[in-house]
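Numbering-wise (the numbering used here), the sequence shown opens with residue 126 and increments by one. Glycine is no exception: its CB is placed at the ideal position from the N, C-alpha and C atoms. Note that the coordinates shown come from a computational prediction; the quantities given were computed from them, not determined experimentally.
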Amino acid sequence: MTDTTLEAPGSPASAGPDTAPMKPKKKEDSFPVFVLKLAIAVVLFRSLIFAPFYIPSESMLPRLLNGDYLLLAKWPYGFSRRSLPFGVPLLPETRVLASDPERGDVVVFKAPAHFEEDWIKRVIGLPGDTVQMKNGQLWLNNVAVPKVRVADFEVAISPNTRCYSGQFTAKRADGTDVCRYPRFTETLPGGKSYDVLDLNTNPKDNTDPVVVPEGAVFLMGDNRDNSEDSRYPADPAGGIGLVPIDNLLGRATVMMWSTDGSAEWLKPWTWFTAARWNRLGGGF
Numbered sequence: 126m127t128d129t130t131l132e133a134p135g136s137p138a139s140a141g142p143d144t145a146p147m148k149p150k151k152k153e154d155s156f157p158v159f160v161l162k163l164a165i166a167v168v169l170f171r172s173l174i175f176a177p178f179y180i181p182s183e184s185m186l187p188r189l190l191n192g193d194y195l196l197l198a199k200w201p202y203g204f205s206r207r208s209l210p211f212g213v214p215l216l217p218e219t220r221v222l223a224s225d226p227e228r229g230d231v232v233v234f235k236a237p238a239h240f241e242e243d244w245i246k247r248v249i250g251l252p253g254d255t256v257q258m259k260n261g262q263l264w265l266n267n268v269a270v271p272k273v274r275v276a277d278f279e280v281a282i283s284p285n286t287r288c289y290s291g292q293f294t295a296k297r298a299d300g301t302d303v304c305r306y307p308r309f310t311e312t313l314p315g316g317k318s319y320d321v322l323d324l325n326t327n328p329k330d331n332t333d334p335v336v337v338p339e340g341a342v343f344l345m346g347d348n349r350d351n352s353e354d355s356r357y358p359a360d361p362a363g364g365i366g367l368v369p370i371d372n373l374l375g376r377a378t379v380m381m382w383s384t385d386g387s388a389e390w391l392k393p394w395t396w397f398t399a400a401r402w403n404r405l406g407g408g409f
């Protein structure tokens, strides 16, 4: 006689070959948790990779205009507490993963004597360099930096752009009012070239030689007669003096937006007419 065993419905033996045990459902994040994660990601991106920077003055003419927005690379010089929003003490005061800048780099930094405001200038002198101005010409390590006159720089007058003085006001053939400034090209040791403005005589056209100490840089604006920079002692009402390399926040990389200041929020079409489209995408 053959024994026959009846299997209860739903028992393991009665399950089909393709049936698998059900896995517990993954719990979805709540919306507040999602927002928190997104905020942390944005903060990390802005602190460690790229961040926007707005140009508020004309000290870096002709390369940078008031109303330009550029993208700042945060990693080239390393990271410190200044890299984080509000100086959150998650990093040390001195840089980690540190690298020094090169002559000619356009850098954003915390201005030592100006309540740690973010400023932008060009690196001129590195540690050990001797920097001096003689009759409006830059000298590095007792050698004159080549300075060649080129075509005048013109920029249209707008809410974001006013002429340094009446003597530089001009008019183009199409009737556009512009500022027209004397422009020169400087070439640093190593071959880095850039344009500067030299408008007139200035007390800092002649300076005593300054030896840049270890751990600091000598910074200057390209608009030489309208820039409070390392030629002036660090003072809340004046210059920045020699800037510690640990104060560097990053290097300018690309122009991402520029506006002449004529846009109005309630007139959306002016957002486009105010844009300086020809300035977008330029590098440094």
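Query                                                                                                                 : Result
Spatial neighbours of F293 in its chain, beta-carbon cut-off 8 Å, leaving aside the 5 residues before and after       : C304, R305, Y306, L324
6 Å Cβ shell around A238 - same chain, five flanking residues per side excluded                                       : A359, D360, P361
Below-8 Å beta-carbon distance, P334 vs any chain C residue                                                           : Among the chains in the structure shown there is no chain C, since it carries only a single protein chain.
V158, buried or exposed, once every other Cβ within 10 Å from all chains shown has been counted against 16            : exposed
DSSP three-state assignment for K259, whether helix, strand or coil                                                   : strand
Sufficient close CB pairs (3 or more, under 8 Å) joining the stretch 320-339 to the stretch 193-209                   : no
Residue from I282, G363, P271 with nearest C-alpha to V321                                                            : P271
Closest by C-alpha distance to S318, when choosing among P338, D302, V248, S290                                       : V248
Host alpha helix (DSSP H) of R356 (start-end)                                                                         : Premise fails: R356 is in no alpha helix (DSSP H) and is neither H nor E.
For L169, the three-state DSSP class (helix, strand or coil)                                                          : helix
Nearest to A377 (by Cα), restricted to the options V167, K162, E227, L216                                             : E227
L391 classed as buried or exposed, judged by whether at least 16 other C-beta atoms fall within 10 angstroms          : exposed
Sequence-distant residues of its chain with Cβ nearer than 8 Å to L186 (five each side left out)                      : F278, V280, Y306, L322, D347, N348, N351
Nearest neighbour of D371, chosen from R188, A236, G315 [CA to CA]                                                    : A236
Terminal residues of the alpha helix (DSSP H) in which T395 lies                                                      : 395-398
Residues of its chain near A223, where Cβ-Cβ distance is below 7 Å and the 5 sequence neighbours each way are ignored : Y202, G203
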